[in-house]
Every structure is written in C-alpha cells, then in structure tokens.
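Novice: To start, I am sharing the structure in question, which I have written as structure tokens.
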Amino acid sequence: MTRKAKDPATLIPLKQSIYRVLLALPDGELLHGYAIMQAVSAMTDGRETILPGTLYAALARMADEGLVDEREGPDDDPSGGPKRRYYRRTSFGRAVARAESERLRALLDIAVAQKIVREGKG
Amino acid sequence: MSLRRAATRIYAVVLRAFPRRHREQYAPEMIDTFDRELAGQRREHGNWRALRFVLAAGLDAVSAGLGERLRHWRFGGAQATGERRRGGMMRTGMSWLDVKLGLRMLVRYKGLTLAGGLALAGAIGIGAAWYDVVGDQLHPRLPLPEGHRLVEVEMRNASSSKGEWRVLHDFLNWRRDVRAIEELGAIVGMVRDIGMTPTNFGEAPYVYRAVSAATSSPLVMGVRTAGDPEALAARVRVIATGIDPGLRLDDVQSLDALVWSEDAPMLASSGAFVAVVVLGLCMSAAGIFSLMSVSVARRTREIGLRAALGASRGRLLAGIFSRAIVLVGSGIAAGNVVLNLPGLGLADGATALLRTSAVMLTVGLLACVGPARRVLRIDPTEALKAT
C-alpha cells in the first residue's frame, strides 16, 4: 500500500536519482528495473547512468512516497530472469517531476541572466 | 567459475549492505540487473569497462545500502515513514506516555534507581570539581576588572617563603580588599618566563612588582650554564655572597629537577582525578545498563506485542531511550541540586556543570545501546509465545 503526499512541494528538491527515474518512466507505461536503467542511459545518450544499488533504493522510496505504482510481474516474465516488479509513474509522480523541473528551470534562468550559459545551449 | 559469475556472486555479497527487508524484496532483481548490465558492458565496451562497472556498482551498492539502513533505522522503513508523516506524537517518536512509563519504572525499581542516581550525582560532583581544579590551575583569573592582565597569581607565606594553595576563600578576600589591579602594587615590568611551573608552560610572561624593604618576598633567579648545572650550584652561591653578603641563595637546583618537582604532584593528582572520574562514569553506565536490561527483560512480551501490532523500530527504540533520558535526567537534576546546596560550594560555575551533565547524558545513552539492540532482536512470535 502506498501513501500519497498531498503537496508536491514537500518533496522538493528531489534527489537526482529519483528525478532521473521519474523522467525515464513514460506516461502509463510499465517498466521493470533494468528497463528503467537502460531508459535513463538512452534518454541522455549515455551521459547519465544509474547503477542498480541507487536505482532500487530510489524505487523503494518512490513507491513509499506514492511517486510510482509498483506491481508484481508475471511468473513467466518474457524478459527472462527472476520474477520482476514493474513500475509506472503516478499522476502525483508527474506533478512532483513538474515541480522539480520548474525549480531547475528557475535556476537555469538565473544562469542565463548571468550569461553563464546561453538560452537553449549547453 | 567465469569472471562474470564471480563478479555477480561478489555483488550478491555486497548487497548485504542493504537492510534485510530491502534485500528480501529486491535482491534477486538487483543481481539480475547487475548481471545483465555487466554482460552488456563487456560485449559493447570490453573487459576494462566491465571491470569499471563492477567496481562502480559495488561502491554504489554499499553507499545506497547504508543509506537505506539509515532510513530504516531512523524511520523504521516504509510503514513508519507514513506514521511520521501523519504527525502528532509520532513525529518525534516519543510521547508523554513514554515519560510517564519512565517515571513509573524509577519508582518500581527503587534500589537500582537509587544506585544509578547516586552514581550519577557522584560522577557529576567529581566531574565538576575536576573542571574547577583544572580551570584554576590552567587559567587562574583574579575576580577584578581587567583581572586577565595578571597571568600568574601566587600565594606566599611571608615567614616561611613557601608557596600556598589558592582557595576560593582567597579570591573572595581579594574581591573584598582589592578594587583594582593597581592596588596589588606597582608593576616593575614583565619578562618572559623561564618555564619553572606547569601552570604557565614556560611561555607566559611573569609580572614583577616592587618589593619593599619590609617585605620578605622570595626572588627567583635563572642561570644558563654551558656545562653541568649541578657542578655550578656551589659556585653560584659563592658569587652571590660576593656581590652582597646578605644575599642568601636557597634551594639551588637544575631546571629539569625544578620542573619535575612542580609537575610530579600535579601529574599524580591529575591521574588520580581521572581514575576516579572514569570509575564514576563506569559505575553510572553500569547502573543504567542494569536498569534498562532488567526493564527490557521484563517487558519482552509487551515489546513483542507492540512489534506485532506494527510498532516501528524507531518507535520501540524511542520507548527505551526516553526512559533512559528520564533516569539520567533525574540523576543529573539531583546531582546539580546537591552540588548547589548553600554552603557546600562544590561546583563553581555553570559551564562546568553543563559540560559534566552533557558527558553524563552521553554516557547514559551509550549505556542503553546494548538493551536497545536486544529490543530490536526480539521476535514478536517468540515473545508472544513466552509465558
């Protein structure tokens, strides 16, 4: 059973690992841990990775906070290996990801204003 | 056994850094994820990158596992996190009920409470006295405006020319008789000390003041020698008499001997004080440990029932430590009251009492670690079966 916090702001700022996992989970799609790990790497062209220890610690916390729904996979998992858990981003998880993104965008705006970076460039 | 399988087995061992509950839920998946990623790294990037992945994943598992352990220890895992968020008394993990039960425990085990309380009070008294003695010796301060300008205050018996111990009474007399430092006498000058006594460590300057003809004040003279100072002692006496027949040199000795004669009693008394303080601390810790162990042993069934009803580890620990805090707090309060009784004058200064009380609180809480670990090991099923 998960408990959902009312206000996304209570979880901000997010740990980087949790933010990455939230971004890697597409809306409505169920992914298992290894697939999330690959998705994190793929969405950043390999620049960002997440290792299994951090990933599963983050997933446990996210399930506890109500950021993801955790579901048992089938016994005969098509991906092979042991029985897996599958995760789906909740609407609350999406709201928290949005709040964190806005926080980061506000910081980026400051960096742009100080000409540390150019808008739209790295 | 292939290297990949060996690495996977090692990774499975490293996962022990995680709490058991986490391992039971996630370890098979984590090992499988590690194994697949290792195979992928080796296939796409070669052995070197695979080795780097193994090392990084191992360190990551240790770090994340310890983080999870800390989270479970602090909040009792997922369930207690929810309890904590629901607020109220759960927020602190302690409640007035704990304090009430702690007080009831003190009444119930009168003998142990008395022994523990007395040991704590004694330890606080010894500790406070220790701070007073060390403070007086290392940082003597005259209780006057600009008293810090005097770096050395020494009591001398005018007839015997021997030094005397300063006591609180002297400071009170000085406070009454002397209104300003200048009233102590005209300061002739200041020179660097030659380091005779352990109280100024050879670096503090000495203050000299004019000596009237009527005052029998001892003078100290230092002579630097190139050879053996013992051989020169007799000759120094002769030289002094040659300068002034009335000049009599007593107690001529080498600086090493002088420093040792000053240091030795101080070291011996310090050692004795430390031994007594440590003994007091051990007695207090043993008293608290016994009381909490007895309490845990008698409450095994109750603790098991609480755990079975879903009380988190943090909540169970709060029950133990809050009772210990009640006990230690009572002992500290009793010790402070006794030390501040009018006329007793054992403790001079709030800072010393505060520090000693903090040390006692720390020792008291450390003494509870053993009983607290026993609480965490209680199996609800076994505890409920026990009669």
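Respectively, the protein sequence lines represent chains A and B. Position one of the first sequence corresponds to residue 1 (our numbering), numbered consecutively onward. Position one of the second sequence corresponds to residue 1001 (our numbering), numbered consecutively onward. Heads up, the beta-carbon is just placed ideally off N, CA and C, and yes, glycines get one too. Since we're looking at a predicted model, the values are computed, not measured.
Please identify, using Cβ separations under 7 Å, the residues of the segment 54–80 of chain A that lie next to chain B, in order along the chain.
Specialist: T54, Y56, A57, A60, D64
Novice: If contacts are defined as beta-carbon pairs under 8 Å, then I36/A and L22/A qualify, I think. What distance do you get, rounded to the angstrom?
Specialist: Actually they are not in contact, since the Cβ atoms of I36/A and L22/A sit about 10 Å apart, beyond 8 Å.
Novice: Spatial neighbours of G1065/B within its chain, please: C-beta separation below 6 Å, excluding the five flanking residues on both sides.
Specialist: Its chain contains A1017, F1018 as the residues whose beta carbon lies nearer than 6 Å to that of G1065/B, once the 5 sequence neighbours on both sides are disregarded; these appear in chain order.
Novice: Look at the alpha carbon of P8/A and the alpha carbon of V68/A, and state the distance between them as a whole number of angstroms.
Specialist: 13 Å
Novice: Who are the near neighbours of R1020/B in its chain, counting only those whose CB is closer than 7 Å to its CB and skipping five residues on each side?
Specialist: none
Novice: Kindly indicate which three-state DSSP category Y56/A falls into: helix, strand or coil?
Specialist: Assignment of Y56/A by DSSP, reduced to helix, strand and coil, places it in the helix class.
Novice: Please report the residue range of the beta strand (DSSP E) in which V68/A lies.
Specialist: That run of the beta strand (DSSP E) goes 68–72.
Novice: If you draw a straight line from the alpha carbon of G1087/B to that of L14/A, how long is it in whole angstroms?
Specialist: Note that G1087/B scores a pLDDT of 38, beneath 50, so its modelled location is shaky; the value from the coordinates is reported in the next line. About 22 Å.
Novice: In angstroms with no decimal places, state the Cα-to-Cα distance between M1030/B and G66/A.
Specialist: 21 Å
Novice: Contact defined as beta carbons within less than 8 Å: I believe I1325/B pairs with L1316/B. What is the distance between those atoms, to the nearest angstrom?
Specialist: Not confirmed; about 15 Å, so no contact.
Novice: Mind reading off the beta-carbon distance from G53/A to D1032/B? Whole number of angstroms is fine, and I expect it under 8 Å.
Specialist: Not a contact, Cβ separation roughly 14 Å.
Novice: In chain order, what are the residue ranges of uninterrupted alpha helix (DSSP H) at least 4 long that sit wholly in the segment 1291–1374 of chain B?
Specialist: Segments of the alpha helix (DSSP H) lying fully in the segment 1291–1374 of chain B: 1300–1308, 1313–1339, 1350–1367.
Novice: So, does the CB of A1286/B fall closer than 8 Å to a CB anywhere in chain A?
Specialist: no
Novice: Which residue or residues does DSSP assign as beta-bridge partners of R1071/B?
Specialist: Paired residues: none, contrary to the question.
Novice: Entirely within the segment 9–55 of chain A and at least 4 residues each: give me those alpha helix (DSSP H) ranges in chain order.
Specialist: 16–24, 33–43
Novice: What residues from the segment 1028–1039 of chain B come within 9 Å of chain A, judged by C-beta to C-beta, listed N to C?
Specialist: Result list: P1028, E1029, M1030, I1031, D1032, T1033, F1034, D1035, R1036, E1037.
Novice: Look up R89/A in the DSSP assignment and give the residues it is bridged to.
Specialist: V68/A
Novice: Would you please verify whether the beta carbon of R85/A is less than 8 Å from any beta carbon of chain B?
Specialist: yes
Novice: Going straight from the alpha carbon of V112/A to that of G1329/B, what length do you get?
Specialist: 56 Å
Novice: If the cut-off is 7 Å on Cβ atoms, which residues from the segment 1299–1329 of chain B count as contacting chain A, listed in chain order?
Specialist: Legend: CB atoms of the segment 1299–1329 of chain B lying less than 7 Å from CB atoms of chain A are not found in any residue.
Novice: Report yes or no: is there a C-beta of chain B within less than 8 Å of the C-beta of G93/A?
Specialist: no
Novice: Indicate whether at least one CB of chain A lies closer than 8 Å to the CB of G1065/B.
Specialist: yes
Novice: In whole angstroms, what separates the C-alpha of K83/A from that of D76/A?
Specialist: Their backbone Cα atoms lie some 7 Å apart in a straight line.
Novice: Let me make sure I understand the geometry here. Which of L1309/B, R1004/B, R1374/B, R1104/B has the alpha-carbon closest to that of G1040/B?
Specialist: For the residues L1309/B, R1004/B, R1374/B, R1104/B, the minimum Cα distance to G1040/B belongs to R1004/B.
Novice: Going by Cα to Cα distance, which pick from I12/A, R61/A, L51/A, L31/A is closest to Q1025/B?
Specialist: R61/A
Novice: Mapping DSSP to helix, strand and coil, what is I116/A?
Specialist: coil
Novice: What is the C-beta distance between L1015/B and A1027/B, in whole angstroms, given that I count them as a contact (C-beta under 8 Å)?
Specialist: 5 Å
Novice: Find the residues of chain B that neighbour L51/A, judging by a C-beta separation of less than 7 Å, and give them in chain order.
Specialist: A1056, A1057, D1060
Novice: Give a yes or no on whether the C-beta atoms belonging to A57/A and E1044/B are separated by under 8 Å.
Specialist: no
Novice: Which value, in whole angstroms, describes the spacing of the CA atoms of E72/A and R85/A?
Specialist: 5 Å
Novice: For the segment 1012–1025 of chain B, which residues have a beta carbon sitting closer than 9 Å to at least one beta carbon of chain A?
Specialist: V1014, L1015, A1017, F1018, H1022, Q1025
Novice: If you draw a straight line from the C-alpha of I50/A to the C-alpha of R1023/B, how long is it?
Specialist: 19 Å
Novice: Kindly list, in the order they appear in chain A, the residues whose Cβ is closer than 8 Å to that of E1068/B.
Specialist: A57, A60
Novice: Going by DSSP, what residue range makes up the alpha helix (DSSP H) through K83/A?
Specialist: First-last for K83/A: undefined, no H or E at that position.
Novice: Report all residues from its chain with a CB closer than 7 Å to the CB of E1230/B; omit the five preceding and five following residues, and keep chain order.
Specialist: S1254
Novice: Output yes if chain B places a C-beta closer than 8 Å to the C-beta of M43/A; else output no.
Specialist: Residue contact check for M43/A against chain B: no CB pair falls below 8 Å.
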